[in-house]
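Okay, structure first, notes after.
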Amino acid sequence: MKIVHISAECYPAAKAGGLADVAGSLPKYQKLLKHSTMVIMPHYYTNFRSKNEFKSVFEGIARLGSVDYDYHYQIFKLQNTELGFDLYSIDIPGLFDRENIYSYKDDTERFITFQIAALNWIKTFKKLPDIVHCHDQQTGLIPFFMTKVEAYDKLKEIPTVFTIHNGEYQGQFTFDRQYLLPGFNSYFSGQIEWHGFINPVAAAIKNAWSVTTVSPNYMDEIGFSMAGLEKLLQYEKGKSKGILNGIDTEVWDPSTDGMLQKTFSISTVEAGKKYNKKWLCKEFNLDPAKPLFTFIGRLVKEKGADLLPEAIYNMMSKYPGEQNVLILGSGDAPVQQALWDLEPQFKGNYCSYIGYNEKLSHIIYAGADFLLMPSRVEPCGLNQLYALRYGTVPIVRRTGGLTDTVTDIGDGGFGICHDQASAWDITHSIERAKSFFNKKKAFKENRKLIMQIDHSWNRAAEEYINLYKSLK
Ligand code: ADP
72 MKIVHISAEC YPAAKAGGLA DVAGSLPKYQ KLLKHSTMVI MPHYYTNFRS KNEFKSVFEG
132 IARLGSVDYD YHYQIFKLQN TELGFDLYSI DIPGLFDREN IYSYKDDTER FITFQIAALN
192 WIKTFKKLPD IVHCHDQQTG LIPFFMTKVE AYDKLKEIPT VFTIHNGEYQ GQFTFDRQYL
252 LPGFNSYFSG QIEWHGFINP VAAAIKNAWS VTTVSPNYMD EIGFSMAGLE KLLQYEKGKS
312 KGILNGIDTE VWDPSTDGML QKTFSISTVE AGKKYNKKWL CKEFNLDPAK PLFTFIGRLV
372 KEKGADLLPE AIYNMMSKYP GEQNVLILGS GDAPVQQALW DLEPQFKGNY CSYIGYNEKL
432 SHIIYAGADF LLMPSRVEPC GLNQLYALRY GTVPIVRRTG GLTDTVTDIG DGGFGICHDQ
492 ASAWDITHSI ERAKSFFNKK KAFKENRKLI MQIDHSWNRA AEEYINLYKS LK
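If you read the sequence shown in the working numbering, its first letter stands for residue 72, the second for the next number, and so on.
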């Protein structure tokens with residue numbers, strides 16, 4: 072099969088979160104199953120762009136709707152073949168010649184133009200794709216364009232799959248900006264509308280041949296709660312499916328990971344984790360003799376990050392000097408400030424690194440004893456899967472993919488789970504974790520056990536292929 076993935080992020084070219092990890096690994100595992108796979112993404116002006124060689128393979132024009140603004144663009148192919156799939160990035164000067172992926176005022180214009188440019192190129196292919204697989208709201212209008220816009224008539228019969236990696240971000244905009252879109256018959260307007268707005272996620276759910284989420288449990292949950300789209304998801308249940316994400320076990324392998332201070336395997340896990348923990352403790356002024364609790368991720372409500380300052384304060388005041396906490400993340404300013412404010416009070420046992428640091432995240436997965444994920448919403452969650460592979464026990468709120476992937480030690484499992492998004496639940500889980508940490512033999516055995524849980528892409532890549540085949 073010829074599979075085209077379209078995504079705003081793809082690791083290692085550009086990453087803001089889990090979407091990049093999936094777009095950078097699912098295609099690779101599909102290629103291993105002998106399918107032709109490519110990823111199309113925007114050509115951001117990042118370090119990756121300057122450090123890698125690209126070759127121009129196509130030049131075209133993307134007209135931003137009836138404003139008659141023509142964006143000249145080029146498609147670049149990455150020359151390095153190490154990714155395991157073909158990576159094409161669309162260079163659109165004026166819109167993507169910037170360092171960051173998102174959070175610009177003209178994001179709507181940027182990603183509409185990206186989607187138009189991608190389809191203008193695809194329709195020139197000698198052999199059209201068998202599947203167009205779109206990821207998240209930045210590509211949500213593509214299934215609509217392919218089926219309702221005359222200019223893309225040629226692509227009408229190609230099955231489309233839309234994967235919801237995060238349903239909270241829908242990219243909606245008002246109808247007075249409909250002029251940005253390519254022309255279509257006005258009686259199709261309802262196909263892009265939800266609650267009075269043009270909503271790319273709603274448009275994708277209505278127009279894609281199939282809709283998937285990144286875990287089965289998240290698929291069940293969003294029928295009841297997904298920022299206003301619940302009813303629509305219920306109507307479209309028949310074409311929807313939850314497929315649990317995998318992880319790239321080559322990138323995330325503690326025995327070969329070049330970002331670690333020391334690599335380790337199951338047989339050397341104790342020494343390996345100790346070495347990485349020591350490094351972290353030295354770097355961040357923590358106590359290597361005490362359990363190390365960590366958090367990695369966006370500091371936003373969705374991740375329950377706003378609950379962390381209170382939970383940390385409670386723990387540290389109740390049990391002074393008995394545990395360490397290390398935070399890596401960035402996001403909402405008040406949460407960042409609250410996390411900073413804790414530092415002077417708990418020097419020697421607490422530190423927060425505000426920012427994005429891929430290398431440090433790997434060392435933390437390797438050196439930590441526990442990883443906190445008190446998420447309110449977690450479509451799949453990759454952090455807990457990386458933690459498991461690196462012998463770190465996840466402490467999670469039972470939601471979305473966390474419910475699918477972590478079982479509590481009290482239920483014969485290997486992690487620590489709680490139900491409420493509250494500081495109290497987090498503190499209680501930390502107390503349970505500490506008592507588990509002190510049962511040295513059981514704790515060490517558990518480390519070895521969790522490192523062996525198979526979350527590789529092999530299963531999920533095949534599930535997607537079966538889904539594609541069912542659409543043909
Ligand atoms: P999200 O909802 O943010 O996409 P996921 O759990 O699906 O959450 O994926 C998060 C990914 O981003 C993981 O690879 C995680 O290690 C990484 N990550 C998040 N924040 C940071 C950070 N501040 N520094 C380094 N890596 C980060």
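Note that CB positions come from ideal geometry on N, CA and C, so glycine has one too.
The beta-carbon separation of PRO230 and LEU542, rounded to 4 angstroms, stays under the 8 angstroms limit for a contact.
For VAL464, the uninterrupted beta strand (DSSP E) run begins and ends at 464-468, by DSSP. With fewer than 16 other Cβ atoms from the protein chains shown falling within 10 Å of its own Cβ, ALA404 counts as exposed.
Contact check for ALA222 and ALA188: beta-carbon distance about 13 angstroms, past the 8 angstroms limit, so the pair fails to qualify. Between the ligand ADP and the CB of GLY131, the shortest heavy atom gap is not smaller than 7 angstroms.
Residue pairing by DSSP leaves GLY267 without any beta bridge partner.
Runs of the beta strand (DSSP E) lying entirely within the stretch 204-251 and spanning at least 3 residues, in chain order: 231-235. Secondary structure note for LYS312: its beta strand (DSSP E) is the uninterrupted segment 311-313. For LEU473, same chain residues with a beta-carbon under 7 angstroms away, outside a window of 5 residues either side, are MET444, SER446, GLU449, GLY452, GLN455, VAL467 in chain order. Residue environment: GLY238 is assigned as buried (16 or more neighbouring CB atoms within 10 Å of its CB, all protein chains considered). Between GLN150 and GLU124, the C-beta spacing is below 8 angstroms. SER423 has its Cβ no nearer than 7 angstroms to any heavy atom of the ligand ADP.
With respect to the 8 angstroms criterion, LEU459 and ILE524 are classified as neighbours on the basis of their beta carbons. Cβ atoms of ILE536 and GLN101 come within 8 angstroms of each other, at about 7 angstroms. In this structure, the beta-carbon distance from ILE293 to THR284 falls below 8 angstroms. When C-beta atoms of the stretch 260-274 are compared with those of the stretch 345-353, fewer than three pairs fall below 8 angstroms, so the two segments do not count as touching.
An exposed status is given to VAL128, since fewer than 16 other beta-carbon atoms sit within 10 Å of its beta-carbon. In the DSSP assignment, GLY402 forms a beta bridge with LEU370. In this structure ILE276 is not in contact with ILE77, their Cβ atoms being roughly 16 angstroms apart against a cut-off of 8 angstroms. Secondary structure note for ILE487: its beta strand (DSSP E) is the uninterrupted segment 487-489. C-alpha of LEU357 to C-alpha of VAL396: approximately 8 angstroms in a straight line. Annotated three-state conformation of ALA91 is helix, per DSSP. Annotation: GLU301 to TYR390 spans about 43 angstroms, alpha carbon to alpha carbon.
When the beta-carbon positions are compared, LEU90 and HIS204 stay at least 8 angstroms from each other.
For ILE202, the closest of GLY471, ALA494, ASP178, MET109 by C-alpha to C-alpha distance is MET109.
If you check the CB distance, ASP92 and ASP319 come in under 8 angstroms. The beta carbon of ALA494 is closer than 7 angstroms to those of LEU378, GLU381, ALA382, ASN385 in its chain, skipping five residues each way along the sequence. Between GLY402 and LEU370, the gap from beta carbon to beta carbon is short of 8 angstroms. Annotated three-state conformation of ILE293 is helix, per DSSP. Contiguous alpha helix (DSSP H) elements confined to the stretch 393-462 occur at 404-412, 429-438, 454-460, taking only those with 4 or more residues. If you draw a 10 Å sphere on the C-beta of THR184, you find 16 or more other C-beta atoms in it, and that means buried. In this structure, the CA atom of LYS540 is about 12 angstroms from the CA atom of LYS73. In terms of Cα proximity to PRO362, the closest of GLU153, ALA504, GLN145, LEU190 is ALA504. By the Cβ neighbour-count rule, SER286 is buried, with 16 or more other Cβ atoms within 10 Å of its own. Within the model, the alpha-carbon separation for SER432 versus GLY438 is close to 10 angstroms. Between the alpha carbons of VAL272 and ALA84 lies a distance of about 24 angstroms.
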